[in-house]
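First residue of the sequence shown? That's 2 in my numbering, and the numbers climb one at a time after it.
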Amino acid sequence: MVTPNLNDPTSNTLFDFHGIISSCDLVLSTEGNYHPALQDVWPIFLEKLKGQPLHNCFYITSPPIVVEQIKNQTLEFGNLYITCVPSIAVASRVIMDELVHAGYADGPVSPLYRDRGAVILVKKGNPKQIRSVWDLGRKGVRLVTPNPRLEPGAFENYLGTLYGIATHDKHPPKQMSAETLIHSIFNNAGGAPYKWLAGAHSSPRSSLVCRLWQGGCRYNSLSSGAVCLADISGHI
């Protein structure tokens with residue numbers, strides 16, 4: 002059985018830290034996108050447990066590995082091995098269902114929050130005037146997504162959202178369809194280099210589009226609602 006590990010080529014790995022962590026009071030395992038919130042929430046959570054002091058507690062933010070971590074009883078990080086099984090798991094419904102099915106959950110799954118679905122983050126002030134998914138196919142507009150090889154679930158979620166919204170649009174731009182939009186973004190159909198950015202280890206682009214619609218669209222649960230826009234700090 003392969004030990005789950007965090008030795009991702011794009012992560013910071015401590016090869017000079019050798020040993021085993023085997024005594025843990027509390028371990029939370031979650032997905033990487035939650036770490037900004039946990040930086041604020043984790044101390045507040047621990048404060049509520051001050052009546053029973055916790056001397057060795059931490060949280061893991063990585064691609065979803067909690068099921069494998071519990072099965073193997075070990076997590077590898079460089080030359081460091083952690084044999085502490087997570088006490089709490091925060092993950093998508095798919096992962097939580099896997100935990101319940103495997104018999105790892107002590108009780109019913111509790112919803113932590115409800116999100117708005119996929120959103121488009123734009124540079125402060127929205128200088129490219131991105132108003133819909135169709136604008137992502139324009140020249141001069143770049144799109145950054147999770148790496149399809151390293152985070153296939155997250156990537157397919159965003160890819161499916163773009164395709165689903167475009168498919169359900171009753172009034173698409175002239176000579177545009179969901180297929181041509183995906184081609185223009187991910188297959189360099191518009192001839193614009195670096196239009197799509199997803200890290201150093203991208204999968205072959207042609208296979209991504211083929212997976213999208215061969216055998217029918219897999220993203221039939223998506224609505225045709227408006228795309229949400231959100232300014233980010235302006236550092237792009």
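Ideal placement from N, C-alpha and C gives every residue a C-beta, glycine not left out.
My output table needs one value for Tyr-105: the three-state DSSP class, helix, strand or coil.
coil
Does the Cβ of Ile-89 have 16 or more other Cβ atoms within 10 Å, making it buried, or fewer, making it exposed?
exposed
* Asked: Assuming Leu-198 contacts Arg-143 under a Cβ cut-off of 8 Å, what Cβ separation, rounded to an integer in Å, is found between them?
  -> Right, the Cβ-Cβ distance comes to about 6 Å (below 8 Å), so this counts as a contact.
Rounded to the nearest angstrom, what separates Leu-81 and Phe-16 at their Cα positions? 8 Å
- Message: Applying the 10 Å Cβ sphere with the 16-neighbour rule, what's the burial state of Glu-48?
- Response: exposed
Margin query: Quick check on the burial criterion: 16 or more other C-beta atoms within 10 angstroms. Buried or exposed for Gly-138?
Written below: Residue environment: Gly-138 is assigned as buried (16 or more neighbouring CB atoms within 10 Å of its CB, all protein chains considered).
task: Rounded to whole angstroms, what's the CA-CA distance from Val-145 to Asn-127? Just pull it up for me.
output: 15 Å
**Prompt:** For the beta strand (DSSP E) that Thr-31 lies in, which residues bound it at each end?
**Reply:** Start and end: 27 to 32.
**Request:** Consider the Cβ of Pro-87: report whether some Cβ of chain C lies at a distance smaller than 8 Å.
**Result:** Absent here is chain C; the protein component of the structure consists of one chain.
At the level of alpha carbons, what is the spacing between Leu-160 and Thr-168? 12 Å
Just reading off the beta strand (DSSP E) that Thr-181 is part of, what are its end residues? First-last for Thr-181: 179 to 187, but that is the alpha helix (DSSP H), not the beta strand (DSSP E).
Based on DSSP bridge pairs, tell me the residues matched to Trp-197. Leu-144
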